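Residue numbers for the sequence shown follow the working numbering, beginning at 467 and rising by one. A short worksheet on the structure shown next.
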Amino acid sequence: MMSFLLRKPYLFWFILGALVYVPFLGASHLFDWDEINFAESAREMIQSGDYLSVQINFKPFWEKPPLFIWFQALSFLFFGIFTENAWVSMEFAARFPNALIGISTLLTLYQIGAKHFSPKMGHLWAFSYLAAITPHVYASSGIIDPLFNLLIFLGVYYSIQSFWKNFASKELLISAVLIGLALLTKGPVALLIWGLTALVYVLLNRQEWLRWQAWFRALAYVSIIAIVFFVSWYGIIAWKFGTGIIADFFAYQVRLLTTGDAGHGQPFYYHALVLLFGCFPVSIWAISPLISRKSELNLATLEEKDLSVWFRILFWVVLILFSLVKTKIVHYSSLCWIPISFFSARVLYDWDLGLSTWKRVYSVGLLIVGFILSFVLSLVPYIGSHTDMFIPLIKDKFVQGNLQVPVYWSGYEVFIGIGFAVAIVYWMLAKGALTPKRIYGLMGTGIVFIMLYMAVVVPKIEGYTQATVIDFYESKVGQKVYIETVGFKSFAHLLYFQKPSKSPDGETLLKKKTVDRPTFFIMKNDVDDAMRYHPHITFMKEENGFLFFKHK
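Next up, the structure:
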């Protein structure tokens, strides 16, 4: 294995990444909203033949630019999704681009680590990223952020390369293109993160103040070219749909920054906890070099030290920025995964070479955080297999209904979390001195448990939250009917019913006394009585927290 690793490192990480990220891409339905809305936009691109516009319900969708959605549309076309010739599930195809992006990230981290430090450092960086929980989960998802993160990181990296070469134009141009693509992935926050990272670097390095004019020109050059990417696409969209879509987009961005949009308000420390638990186990020992520069004494060259400074700044810029904004969602701080994995690799690299020692606090942190995670991993399937015990304790009527879904649990699922705890104890407390190889064993074992949990438990969780309505939507595909949700926001009916274009919306259908085809309305069981007893609809059934109605 080691000889193969040394001879074919890129092939090794490609194969390992594929083995970890690809197998369970289709294990569960796409999750509403964040997975389904992008896939639905890609479906509507294919159905309408309009690949320039991002649409939801065949109306302009101004929340996100198109780059990731284009990748999903290509994946759907490649796998023949929404045709009789599909050779994988729609869920697999929707998540497949992120698996490729995850593999590309592993290759990128290895390449940069090997180039500027050593091949061993490159391997440890890629391994640290692969072993962290949330990067693993998101690389097997249909969410936009892994692409966004990789593009921003590479944009920062090529800016660093340019600054080292006295602001070489080639690297600056590459950086500008990458940031421009990031803008086309998720919007202007890409330029904000890149610009703040560079600005903080300059402010913290007084020797760079003398070159402020060169820095200003370089930053302006990258910004202008990157903005051209963004403005070019939005200019076409504004010409097509009107300038109101631009105003809506920026109003949405401001709302995310200043309000707890869509109920996602969380305390200031939210993202710090998300990263601590989400990037377990590598986050435990990455904390020390993230808050202290003492470990830089072990770095041999100014180049190595400078990269370390840049990546530390990138981490803190992202963490502080998204801790300050009002809307807080798990993946908002996900760009921090790359610096965390870098500093994890730095700690392991120095320890393996005998340049530093393993701190006792790392072991304590691994045991405490690991046991908490293991408890949660075990608690979820325990609740699932004992819902009758927990339903009376829950006040939310809709959640009570969700937990009534007859999901099959064998009882063995709880042992995944227990096994994870046992593995942590084994690797940390076994006889003999704690060595790097034992930590590598812990990381590798963690990867296996994450894969097992995603394959066995996550589909059962999805069974409670949305499988009831998705099964209903899928049963109506191809039929000449209308299906709409009322009283709650959802994209699931659009994708899983494969809603045709030019169909009336739910509000319009509710107002009509007569309709031209069977029409179904889905509501949650906590909907107000005005909707429940609407004069134009009749009750069909209540199932697992959802109410099903039909137009009279």
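Idealized CB from N, CA, C, for every residue including glycine. Bear in mind that the values here come from a model prediction, so they are computed numbers and not experimental data.
For histidine 1017, the enclosing beta strand (DSSP E) stretches over residues 1012-1017. When rounded, the separation of the alpha-carbon atoms in valine 784 and lysine 926 is 33 Å. Residue environment: isoleucine 838 is assigned as exposed (fewer than 16 neighbouring CB atoms within 10 Å of its CB, all protein chains considered). The beta carbons of serine 810 and aspartate 816 sit no closer together than 8 Å.
Here isoleucine 988 is bridged, per DSSP, to Thr951, Phe1014. Here the alpha carbon of leucine 649 sits roughly 7 Å from the alpha carbon of alanine 692.
By the C-beta criterion, the stretch 760-779 is judged not to be in contact with the stretch 714-721, since fewer than 3 inter-stretch pairs fall below 8 Å.
Using a Cβ distance threshold of 8 Å, glutamate 879 and valine 922 count as a contacting pair. Contact between glycine 588 and tyrosine 576 holds, with the beta-carbon distance rounding to 4 Å and staying under 8 Å.
Listed in chain order, the non-local C-beta contacts of serine 541 below 6 Å within the same chain comprise Ala559, Phe562, Pro563, local neighbours out to five positions each way being set aside. A straight line joining the alpha-carbon of serine 635 with that of phenylalanine 682 spans about 14 Å. By the neighbour-count definition (other C-beta atoms within 10 Å, threshold 16), glycine 820 is an exposed residue. Per DSSP, phenylalanine 583 lies in no alpha helix (DSSP H) segment and is marked neither H nor E. Phenylalanine 1005 is bridged by DSSP to Phe1015.
Residues Val943 of the same chain have their beta carbon placed closer than 6 Å to that of glutamine 964, with the five preceding and five following residues left out of the count. Assigned with DSSP and collapsed to three states, glutamine 521 falls in strand.
Under a 10 Å Cβ-count criterion, leucine 961 is classified as buried, with 16 or more other Cβ atoms of the shown protein chains found around its own Cβ. Three or more Cβ pairs closer than 8 Å define a contact, and the stretch 903-913 falls short of that threshold against the stretch 849-863. Collapsing the DSSP output to three states places threonine 911 in a helix. Secondary structure of threonine 974 (DSSP, three-state): helix.
Per DSSP, the continuous alpha helix (DSSP H) segment holding aspartate 995 begins and ends at 995-998. Of Asp992, Val603, Ala539, the smallest CA-CA separation from arginine 509 is found for Ala539. Rounded to the nearest angstrom, the Cβ distance from histidine 959 to lysine 978 is 18 Å, too far for a contact under 8 Å. At least 8 Å separates the beta-carbon of lysine 990 from that of threonine 1004. Note that the C-beta distance between aspartate 498 and glutamine 932 is below 8 Å.
Note: proline 526 is bridge-paired with Gln521 in the DSSP secondary-structure output.
By the C-beta criterion, the stretch 514-533 is judged not to be in contact with the stretch 623-639, since fewer than 3 inter-stretch pairs fall below 8 Å.
Runs of alpha helix (DSSP H) with 4 or more residues, each lying fully within the stretch 752-814, are found at 768-790, listed in chain order. Its Cα nearest to that of lysine 581, the residue Glu769 stands out among Leu644, Glu769, Tyr848, Gly836. Its chain contains Pro902 as the residues whose beta carbon lies nearer than 6 Å to that of aspartate 818, once the 5 sequence neighbours on both sides are disregarded; these appear in chain order.
Distance from the CA of leucine 756 to the CA of tryptophan 528, rounded to the nearest whole angstrom, comes to 36 Å.
The beta carbon of isoleucine 849 sits closer than 7 Å to those of Phe856, all from its chain and outside the five residues before and after it, given in chain order. Around the beta carbon of serine 799, 16 or more other beta carbons sit within 10 angstroms, so the residue counts as buried. Here methionine 1006 is exposed: its Cβ has fewer than 16 other Cβ atoms, across all protein chains shown, within 10 Å. Taking C-alpha positions only, tyrosine 892 is separated from leucine 763 by approximately 33 Å. Apart from the 5 residues on each side of it in sequence, serine 774 sits with its Cβ closer than 6 Å to the Cβ of Glu762 in its chain, given in chain order.
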